[in-house]
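For the sequence shown, my numbering assigns the number 310 to the initial residue and increments by one for each residue that follows.
Working notes, beginning with the structure itself.
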Amino acid sequence: MKRISVQAANGTYEVLCGRGALRELPHVVSRIRQEGAVFVVSSPRVWRHCGARVEKLLGGTRRATILMNDAETAKNLSTVERACRHLVRAGADRRALIVAVGGGVVGDVAGFVAASYARGIALIHIPTTVVAQVDSALGGKTGVNLPEGKNLVGAFYPPKGVVADPELLSTLPPREFRSGIYEIVKYGVIGDVKLFEFLEKNMEKVLRRDRAALGYVIERSIAQKARVVSEDEHESGLREILNFGHTFAHALESVTRYRKYLHGEAVGWGMIAAARLAVEMGMFSSRDEDRVASVTARVGPLPAWPSIPAAKLIAAMQADKKTRAGRLRFVLPERIGTVRCGVEAEAEVLARVLRACAGGAVQTKAAKSRRK
Ligand SMILES: NC(=O)c1ccc[n+]([C@@H]2O[C@H](COP(=O)([O-])OP(=O)(O)OC[C@H]3O[C@@H](n4cnc5c(N)ncnc54)[C@H](O)[C@@H]3O)[C@@H](O)[C@H]2O)c1
Ligand SMILES: [Zn+2]
310 MKRISVQAAN GTYEVLCGRG ALRELPHVVS RIRQEGAVFV VSSPRVWRHC
360 GARVEKLLGG TRRATILMND AETAKNLSTV ERACRHLVRA GADRRALIVA
410 VGGGVVGDVA GFVAASYARG IALIHIPTTV VAQVDSALGG KTGVNLPEGK
460 NLVGAFYPPK GVVADPELLS TLPPREFRSG IYEIVKYGVI GDVKLFEFLE
510 KNMEKVLRRD RAALGYVIER SIAQKARVVS EDEHESGLRE ILNFGHTFAH
560 ALESVTRYRK YLHGEAVGWG MIAAARLAVE MGMFSSRDED RVASVTARVG
610 PLPAWPSIPA AKLIAAMQAD KKTRAGRLRF VLPERIGTVR CGVEAEAEVL
660 ARVLRACAGG AVQTKAAKSR RK
């Protein structure tokens with residue numbers, strides 16, 4: 310088990326990661342809790358899988374368990390209100406501690422509840438999906454969706470501690486599991502050659518959830534995310550590198566109304582497209598593009614690229630909240646392990662890349678190198 314520190318504006322917190330990390334929960338809680346009661350926020354499904362274990366570890370400190378629907382459609386203000394009202398009825402005061410047990414949806418909602426209840430109460434994340442362990446539980450972004458769009462209401466609210474135990478991932482459905490692995494590939498490309506090479510050699514082990522291999526890639530990813538958000542908590546600079554593949558991914562998700570791809574799958578496509586764009590712009594080698602496409606393809610079959618005209622995808626990219634004044638800027642790789650932010654691409658080059666993805670040229674290339 311490893312301890313990785315994250316620096317946030319209001320202090321440093323620790324991420325315990327690796328096998329056996331969950332057993333440390335009582336110590337983490339006793340360090341953070343200020344005599345207040347502990348309130349668990351989870352979902353019925355997650356709680357069915359690991360509730361008994363967490364309950365046992367929390368012992369008599371747990372006052373109540375609030376189970377919320379963790380479908381993406383329930384990540385909204387009504388769910389926040391219900392959870393807050395439940396806290397009031399259960400007697401939560403300003404010293405209360407929330408322990409969020411679940412994937413990104415539970416974490417984002419519980420985090421926002423912790424940020425706003427009594428103007429802020431302590432929070433511990435126990436992430437139970439790959440995405441939550443390597444991404445959403447660290448960095449302090451919390452929030453919910455509005456009918457107008459995703460994550461439009463929220464707060465930066467770092468937890469007091471994170472316990473990321475890969476053992477909790479054993480019950481995760483295969484597609485959810487693979488979806489998180491694409492984000493791990495992302496960490497390799499943006500800043501960790503060693504992680505990328507490990508994935509090239511050991512992808513099958515990771516996909517089998519081999520303890521040692523999975524533990525290693527999760528720990529490397531957490532270290533990377535911790536480094537980035539410690540340096541740039543509020544996304545004014547370095548944190549932008551985490552958006553590698555995401556300009557394309559958000560467009561793919563939005564044109565398919567979030568129904569066709571899991572987020573990580575859209576990121577998988579996004580990385581393939583970004584690598585192609587970087588080659589087109591003369592800043593990345595075809596050989597490295599093949600490596601990115603091949604590792605991504607090995608994670609599993611991606612739902613097909615949508616049959617949607619390039620112009621419509623470009624319009625969706627321009628509507629993304631991360632675009633500045635409608636100008637399309639990308640995070641593109643220079644080498645495996647190094648990316649450049651804010652690269653502007655001409656519409657014509659971009660359209661060519663999108664057509665190549667739609668036409669199957671890029672997939673065929675990836676599949677070929679996958680067979681090698
Ligand atoms: N705050 C951030 O920085 C950040 C970063 C990335 C993603 N997110 C958000 O995270 C959400 C996606 O989160 P996610 O990918 O973790 O998925 P999720 O929370 O939607 O969970 C996916 C499914 O897996 C189930 N599940 C969770 N853990 C399980 C387990 N151990 N065993 C069996 N089933 C389990 C859940 O019940 C759910 O049905 C999105 O809303 C996204 O916006 C936030
Ligand atoms: Zn992502």
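C-beta atoms are modelled at their ideal positions from N, C-alpha and C, and glycine is treated no differently.
Predicted model, so just to flag it, every value in this text is computed and none were measured.
By alpha-carbon distance to H395, the top candidate from V410, I430, G369, F348 is F348.
Here the distance from the Cβ of E485 to the nearest heavy atom of ligand 2 is not below 7 Å. For E492, the CB falls within less than 7 Å of some heavy atom of ligand 2. Residue state for S595 is assigned as helix, using DSSP reduced to three classes. DSSP places H543 outside both helix and strand once states are collapsed to three, so it counts as coil.
Per DSSP, the unbroken beta strand (DSSP E) holding E653 starts and ends at 647 to 653. The C-beta of S616 has fewer than 16 other C-beta atoms within 10 Å across all chains shown, which makes the residue exposed. Within the stretch 380 to 427, the runs of alpha helix (DSSP H) that reach at least 4 residues and sit entirely inside it are, in chain order, 386 to 398, 413 to 425. Taking one beta carbon from each stretch, the stretch 471 to 478 and the stretch 617 to 628 have fewer than 3 pairs nearer than 8 Å; the two do not touch. Separation of I433 and A602 (C-alpha to C-alpha, rounded to the nearest whole angstrom) is 36 Å.
The nearest non-hydrogen atom of ligand 1 is less than 7 Å from the C-beta of V415. Secondary structure at Y322: strand, using DSSP grouped into helix, strand and coil. Taking a cut-off of 8 Å for Cβ pairs, the stretch 364 to 371 and the stretch 327 to 347 touch, as three or more such pairs fall below it. Residue state for E457 is assigned as coil, using DSSP reduced to three classes. Collapsing the DSSP output to three states places E344 in coil.
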